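Those letters in the sequence shown? Residues 1 to 211, per UniProt numbering, in order.
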Amino acid sequence: MTQVSVGPPSRPRGRPKLDITSDAIAREVAALFDEGGPEAVSIAGVAERLGVARATLYRTVPSRQHLLAVLFEKSIQGLLDDSRSVTEELADPWAQLAGLVRLHADIAIRMRSYLPVFFDSSSLPPEVAAVWADFVGAFEALWSSVIQHNMDAGYLTPADPMLVTRLITGQFNWVCHWYRYDPSYSSEDIAATAMGLLGGLRGRIPSQRRG
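Set out below in structure tokens:
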């Protein structure tokens with residue numbers, strides 16, 4: 001009886017199957033934003049950067065709007081996760097606030113080319129706009145809680161914590177705009193100045209917790 005040796009399965013002809021991850025897509029969409037703004041983002045451009053055929057990418061993201069949705073969801077989830085980590089790792093309210101300020105200053109600079117696009121939720125697909133609304137609610141609730149704890153501790157003058165939250169985060173959202181033509185400040189410069197301004201609102205704070 002003739003024996004037949006069994007080796008590893010033969011490799012199918014054609015291109016190997018590629019797993020296109022949402023992380024990879026988000027990374028390349030962000031790179032295109034940095035290079036040429038919103039107009040530079042396209043299925044063809046992302047496919048070229050990923051080294052795949054447009055038809056292959058279409059099976060994962062069927063439109064330009066879906067490309068923006070991938071970047072959007074990855075960006076906001078990362079920001080929310082990092083913000084939660086700050087509040088979980090630090091116990092003192094003033095330290096938590098300083099951590100959130102540093103994080104937001106860094107995000108405003110790193111995401112300046114595309115973050116403003118997401119603030120205009122009317123340009124997003126309905127399902128993505130719904131995700132944005134959920135994110136804003138969770139993000140503002142986290143900030144508002146930290147602000148309230150600082151007021152309770154006497155570190156900030158009592159006021160409406162949600163209004164204070166929106167005023168502070170609004171400052172950082174504006175960084176996305178002006179930093180494009182005046183990138184002479186580091187995120188550390190911006191965060192330190194912001195904390196100095198907030199220090200003018202505090203009622204009392206031990207010297208070792210300043211900054």
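Just so you know, even glycine gets a beta-carbon here, dropped at the ideal spot from N, CA and C. On a predicted model such as this, the values are computed, not experimentally measured, just so you know.
Contact set for residue i: own chain, Cβ-Cβ below 8 Å, skip 5 residues either direction
i, result
"Leu198", "Leu97, Val101, Leu156 and Ile168"
"Gly37", "Ser113"
"Phe118", "Phe72, Ser75, Ile76, Leu124 and Trp132"
Pick from the options that is closest to residue i, judged by C-alpha positions
i, options, result
"Val61", "Tyr114, Ile25, Gly78 and Ala105", "Ile25"
"Pro93", "Gly36, Pro125 and Gly154", "Gly154"
"Glu48", "Val29, Phe72 and Glu188", "Val29"
"Leu79", "Ala138, Leu67, Asn150 and Ala191", "Ala138"
"Thr21", "Lys74, Ala55 and Gly45", "Lys74"
"Ile109", "Gly196, Trp178 and Met195", "Trp178"
Extent of the continuous alpha helix (DSSP H) run through residue i
i, result
"Val101", "Pro93 to Arg110"
"residue 216", "Since the first residue of the chain shown is 1 and the last is 211, residue 216 is not available in this structure."
"Ala191", "Ser187 to Gly199"
"Tyr58", "Arg54 to Tyr58"
"Thr157", "Taken as a continuous stretch (DSSP letters only), Thr157 belongs to no alpha helix (DSSP H), as it is neither H nor E."
"Pro116", "Leu115 to Phe119"
"Ala69", "Arg64 to Glu89"
Coarse secondary structure for residue i, derived from DSSP in three states
i, result
"Ala26", "helix"
"Gly37", "coil"
"His126", "The identity of residue 126 in the sequence shown is Pro, whereas the question assumes His. Here Pro126 sits in helix by DSSP."
"Ala133", "helix"
Residues near residue i by beta carbon distance below 7 Å, same chain, minus five either side
i, result
"Arg64", "Val41, Ser42 and Ile43"
"Leu103", "Asp82, Ser83 and Val86"
"Thr193", "none"
"Ile107", "Leu79"
"Leu142", "Ser83, Arg84 and Thr87"
"Arg180", "Arg112"
Same chain, Cβ closer than 6 Å to residue i, five either side skipped, listed in chain order
i, result
"Ile76", "Phe135"
Cβ-Cβ distance between residue i and residue j below 9 Å
i, j, result
"Gln171", "Pro161", "no"
"residue 273", "Thr165", "Residue coverage of the chain in this structure runs from 1 to 211, which leaves residue 273 outside it and unanswerable."
"Pro126", "Asn173", "no"
"Leu67", "Val46", "yes"
"Val128", "Ala69", "yes"
Residue-level contact to chain C via CB, residue i, 9 Å cutoff
i, result
"Asp160", "The structure shown has no chain C; it contains just one protein chain."
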